[in-house]
Amino acid sequence: YNYNVFNELANSGNSNTKTSLTSALSVKYDLPLGFRFQSDFGIGYTSTHAEGYQTQLSNAMTVKRGYEYGQYGPTTPQYKMSQLPVGGMQTLEDDRNTNYTWRNQLSYGTVIDKKHTISAMAGLELRSNQYKGSASTIYGYLPDMGKIVINPPATIVNNGTTFANPLYSSGFNFNNTDGIANYVSYYVTGAYSYDDRYVFSASLRGDASNKFGQDARTRFNPIWALGGKWNIAREHWFDKSEWFNEFSLRTSYGFQGNVAENYGPDLIAKIPGAGTAISTLTGESLLNISSLPYANLRWEKTQTINLGLDFGFFKNRLSASADYYIKNSSDLIVMRNTPYENGVLQMPMNGGTLKNSGFEVQMTFIPVRTKDLTWSVTINSTKDYNKVTNPLTPNPTWATAASGTYYKEGYPVSGFWVFDFKGLDPATGLPLFNIPTATDNINVKTDATAFMKYAGKLNADFTSGFGSSVRYKDFTFSTNLYASLGGNKLLAPLYPSNIVNSTPSEYNNLPQELVNRWRQPGDEVFTNIPALPYYGVPFITIPSGSSTAFGVGQSATASPYTLYNYSSARVVNASYLRINNINVSYMLPEKYAKRIFCKSISVGYTLSNVYTFVSKDFKGVDPEVASGGQPLARTHVINLSATF
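Counting from 124, one number per residue, gives the positions in the sequence shown under the working numbering.
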């Protein structure tokens, strides 16, 4: 059919409108004996309306209609056979979210003999988040005729035979999505300090929710933490100097719990799509299993130990902190394969264990500090180590192994595997792979990683942030950089799934990399990009784990171009340095603000996602969305703030 990009721009559109309103109220009341009562209430409302359309003059509606616009009249066979002889398509989506938080808190604080400092706090918190959403697709839309809708014909006629219009069973879409999450929580914290040298703290919190339906015995199960701090620089024997003035040691131990809110204690069934919802045997509505009841799932548990040091030099012109932590998690909810007769292929269970450890370092340096000029620099970095410590795997397929969610014992959490690319066939340009057979390794029958190559982990080995802020009188300039070093990623698929077994047509949008593909014998010496696919490409047998549909231990086949998309040839180093933002602001002098009845007025400008330094192997793709998503947009924000 005819296609012209300017015609498409003129006859299709997409608009989004988002409105939000937030309000907060806080009441504080001082009571006798050092007690204070505080009540905070906040409410927010957000509404989003999205509308898209394609008129009957667009190419997409021409395809749906079956002929060019105006080519046939109402009395012709082609018109009577068309699913959509008149009108275009409109898509609508409306989302509304209302949330509130009400917190009531009683606090206490006192100082005894100028050495003993005691503080405590207890509170009750109520939260609610209500969501209502709807989406629809409407055919027969005429935006240039008052936005009216002419319903498509109920039947179509083909060679004298009348059929129900398939548009009504598969084209129209009406969806409603409502949800509500209610929470009630209690919390208690306390701290004691002696002479600002020894500090001890404790905290306790419990939560319950309509989402916490797995096991009533675990509702309000508390999470708690204990901590201590020794301000060594406050000791009388500590020899303070101009260059070394702060030194303290911190430690804490805590227990945290988490409940996966996407599972519940009830069987959830759903009505299938239109055209398949009625049983041919009973005439009754059919139901498909959406989720089995999981009444006995337990909390995911994590125990954390933290050790920290704080330093201060040159009257705190240079300050630093270093932390080392160990986190041991158990009863993690993982997916386990189940027999098909259960109605689902997988189900969640408490069976995962994980060990995390790492360190964090932060330094703040103030090179200049005067009345009118202050310059500060902050640097922070993190190094994390994690390892799965049990052999329970969620889904032993090659697709799971390539996605970084295999969770194999002894490997990092984000470890992933790829097919071992051997090179290109000199005669055909097809990709070749090293795939062991059961003769080479018996484990290939049940474990996809046995015939794949370990490609590293998706998470970075080391992350660091750098921030700098300069204030001169009422002007402030700041910038922030983020570095991610180590880790690997797969580039976006080079060959879309719809062409891995056929020659691409002129309508396929293909990557620019294919310009450097194999074209003739000898090209395999300087390129690792295969030749274009063709119809009937010989598939490759995979020892096991092709899909849950085949079951563990059964082999299947896949296109060599599919394997190439998930091969070692597509693995790149994911290190990058991003300039996150640049911010400039100005505070209007108070005497000018008062002239327009304001206490203060400030104006600012922020540029986000300024620039990213990244390996050329990414070929211009944003490293944070290298798997095919949209790149992070560069954002300009102008801010005006006034206080009355």
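Glycine included, every Cβ here is placed at the ideal spot set by N, Cα and C.
Owing to the predicted nature of the structure, the values given are computational and were not obtained by experimental measurement.
Measure the C-alpha to C-alpha separation of Gln253 and Leu415 and round it to an integer number of angstroms.
Locating residue 253 in the sequence shown gives position 130, where the first residue counts as 1. Locating residue 415 in the sequence shown gives position 292, where the first residue counts as 1. About 24 Å.
DSSP three-state label for Ile719, please.
Along the sequence shown, one-based indexing puts residue 719 at 596. Coil, per DSSP.
If we ignore side chains and look at the alpha-carbon of each, how far apart do Leu229 and Asp330 end up?
Against the sequence shown, residue 229 aligns to sequence position 106. Against the sequence shown, residue 330 aligns to sequence position 207. Going from the Cα of Leu229 to the Cα of Asp330 covers about 18 Å.
So who's on the other strand from Val500, going by DSSP bridges?
As a first step, residue 500 is located in the sequence shown; it is residue number 377 there, counting from the start. In the DSSP output, where bridge partners are listed per residue, Val500 has Phe488 and Ser591.
Nearest CA to the CA of Leu441: which residue from Val500, Met470, Ser143 and Arg250?
Walking along the sequence shown from the start, residue 441 turns up at place 318. It is Val500.
Using 8 Å as the threshold, is the C-beta distance between Tyr658 and Ser625 below it?
In the sequence shown, residue 658 corresponds to position 535, counting from 1. In the sequence shown, residue 625 corresponds to position 502, counting from 1. Yes, they are a contact pair.
From the DSSP output, which residues share a beta bridge with Lys141?
Counting from 1 along the sequence shown, the entry for residue 141 is found at position 18. In the DSSP output, where bridge partners are listed per residue, Lys141 has Thr171.
In its own chain, which residues sit with a C-beta less than 8 Å from the C-beta of Trp540, not counting the 5 before and 5 after it?
Taking the sequence shown and counting its residues from 1, the one referred to as residue 540 is at position 417. Cβ within range, chain order: Trp521, Ala524, Ala525, Tyr529, Ala571, Thr572, Met575, Lys576, Tyr577 and Ala578.
Please state whether DSSP places Ala522 in a helix, a strand or coil.
Here residue 522 corresponds to residue number 399 of the sequence shown, with the count starting at 1. If DSSP states are grouped into helix, strand and coil, Ala522 belongs with the helices.
Ignore the nearest five residues each way along the sequence and tell me which others in Gln426's own chain have a CB closer than 6 Å to its CB.
Numbered from its first residue, the sequence shown carries residue 426 at position 303. So the qualifying residues of the chain are Phe378 and Asn451.
Nearest CA to the CA of Ile98: which residue from Asn603, Pro554 and Lys612?
Because the chain is modelled from 124 through 767, residue 98 falls outside the range shown and cannot be assessed.
Using only the alpha-carbon positions, how far apart do Ile303 and Gly167 sit?
Within the sequence shown, numbered from 1, the residue matching residue 303 stands at position 180. Within the sequence shown, numbered from 1, the residue matching residue 167 stands at position 44. Near 15 Å, if we compare the C-alpha coordinates of Gly167 and Ile303.
For the beta strand (DSSP E) containing Pro644, name the first residue and the last one.
Here residue 644 is taken as the residue at index 521 of the sequence shown, counted from 1. Careful: Pro644 lies outside any beta strand (DSSP E) and carries neither H nor E.
Cα separation between Tyr202 and Leu633?
Within the sequence shown, the letter at position 79 stands for residue 202. Within the sequence shown, the letter at position 510 stands for residue 633. Tyr202 and Leu633: Cα-Cα distance of roughly 35 Å.
Answer with buried or exposed for Asn354, where buried requires no fewer than 16 other C-beta atoms within 10 angstroms of its C-beta.
Translated into the one-based positions of the sequence shown, residue 354 becomes position 231. By the 10 Å Cβ count, Asn354 comes out buried.
How about Thr737 and Ile702: do their beta carbons lie closer than 8 Å?
Here the question's residue 737 lines up with position 614 in the sequence shown. Here the question's residue 702 lines up with position 579 in the sequence shown. For the record, residue 737 in the displayed sequence is Val; it is not Thr. Cβ distance not < 8 Å, so Val737 and Ile702 don't count as in contact.
Determine the DSSP secondary structure at Val382, reduced to helix, strand or coil.
Sequence index remark: in the sequence shown, residue 382 carries index 259 (1-based). In this structure, Val382 counts as coil in the three-state DSSP scheme.
Specify the secondary structure class of Gly674 as computed by DSSP and reduced to three states.
The residue you call residue 674 lines up with position 551 of the sequence shown. Caution applies to Gly674, whose pLDDT of 42 falls short of 50 and renders its modelled position unreliable; the model cannot decide the point.
In three-state DSSP terms, what is Met575?
What you label residue 575 is simply residue 452 of the sequence shown in a count that begins at 1. Coil.
Beta-carbon within less than 8 Å of Ser371's beta-carbon, same chain only, minus the 5 sequence neighbours each way: which residues are those?
Your numbering for residue 371 matches position 248 in the sequence shown. Excluding residues within five positions, the ones whose Cβ falls inside 8 Å are Lys352, Trp353, Asn354, Ile355, Ala356, Leu432 and Asp433.
I'd like to know if the segment 685-699 and the segment 609-625 are in contact, where contact means that at least 3 CB-CB pairs between them fall below 8 Å.
Contact holds: three or more Cβ-Cβ distances are below 8 Å.
Could you tell me which uninterrupted beta strand (DSSP E) segments, each at least 3 residues in length, are contained entirely in the segment 167-214, listed from first to last along the chain?
DSSP runs (the beta strand (DSSP E)) wholly in the segment 167-214: none.
Using a Cβ distance threshold of 8 Å, determine whether the segment 265-281 contacts the segment 315-322, with at least three qualifying pairs required.
No contact exists between the segment 265-281 and the segment 315-322.
Grab the span of the beta strand (DSSP E) containing Tyr309 for me, first residue to last.
Residue 309 sits at position 186 when you count from the first residue of the sequence shown. From DSSP, the beta strand (DSSP E) with Tyr309 extends over Asn296 to Tyr317.
Span of the alpha helix (DSSP H) holding Val744?
Against the sequence shown, residue 744 aligns to sequence position 621. Careful: Val744 lies outside any alpha helix (DSSP H) and carries neither H nor E.
Just verifying my parser: in three-state terms, what is the DSSP assignment at Phe129?
Here residue 129 refers to the residue found at position 6 of the sequence shown. Helix.
Select from Ala314, Tyr190 and Ser257 the residue whose C-alpha is nearest the C-alpha of Val234.
By 1-based counting over the sequence shown, the position of residue 234 is 111. Ranking Ala314, Tyr190 and Ser257 by Cα distance to Val234 puts Ala314 first.
Any contact between the segment 629-649 and the segment 134-145? By contact I mean 3 or more CB pairs, one from each, below 8 Å.
Contact between the segment 629-649 and the segment 134-145 is absent, because fewer than three Cβ pairs lie under 8 Å.
Go to Leu763, then tell me how far its beta strand (DSSP E) extends in each direction, as first and last residue.
Residue 763 sits at position 640 when you count from the first residue of the sequence shown. Residues Thr758 to Thr766.
Is the beta carbon of Ala716 less than 8 Å from the beta carbon of Ser708?
Here residue 716 corresponds to residue number 593 of the sequence shown, with the count starting at 1. Here residue 708 corresponds to residue number 585 of the sequence shown, with the count starting at 1. No, the pair does not count as a contact, with Cβ atoms beyond the cut-off.
From Glu216 to Gly609, what distance separates their C-alpha atoms?
Here residue 216 refers to the residue found at position 93 of the sequence shown. Here residue 609 refers to the residue found at position 486 of the sequence shown. Using only the alpha carbons, I get a separation of about 40 Å.
Helix, strand or coil for Asn473? Go by DSSP, reduced to three states.
Here residue 473 refers to the residue found at position 350 when the sequence shown is read from its first residue. Asn473 falls in the strand class under three-state DSSP.
So what does DSSP say about Gly157, is it helix, strand or coil?
Residue numbering aside, residue 157 sits at position 34 when the sequence shown is read from its first letter. The answer is helix: DSSP assigns Gly157 an H, G or I state.
Is Ser324 helix, strand or coil when you go by DSSP?
Taking the sequence shown and counting its residues from 1, the one referred to as residue 324 is at position 201. Strand.
Which one or two residues does DSSP pair with Ala258 in a beta bridge?
For the purposes of this step, residue 258 is identified with residue 135 of the sequence shown, where counting begins at 1. Looking at the DSSP assignment, Ala258 forms a beta bridge with Glu216 and Asn298.
Give, in chain order, every unbroken run of the beta strand (DSSP E) that is at least 3 residues long and sits entirely within the segment 422-469.
Qualifying beta strand (DSSP E) stretches, in chain order: 423-436 and 441-460.
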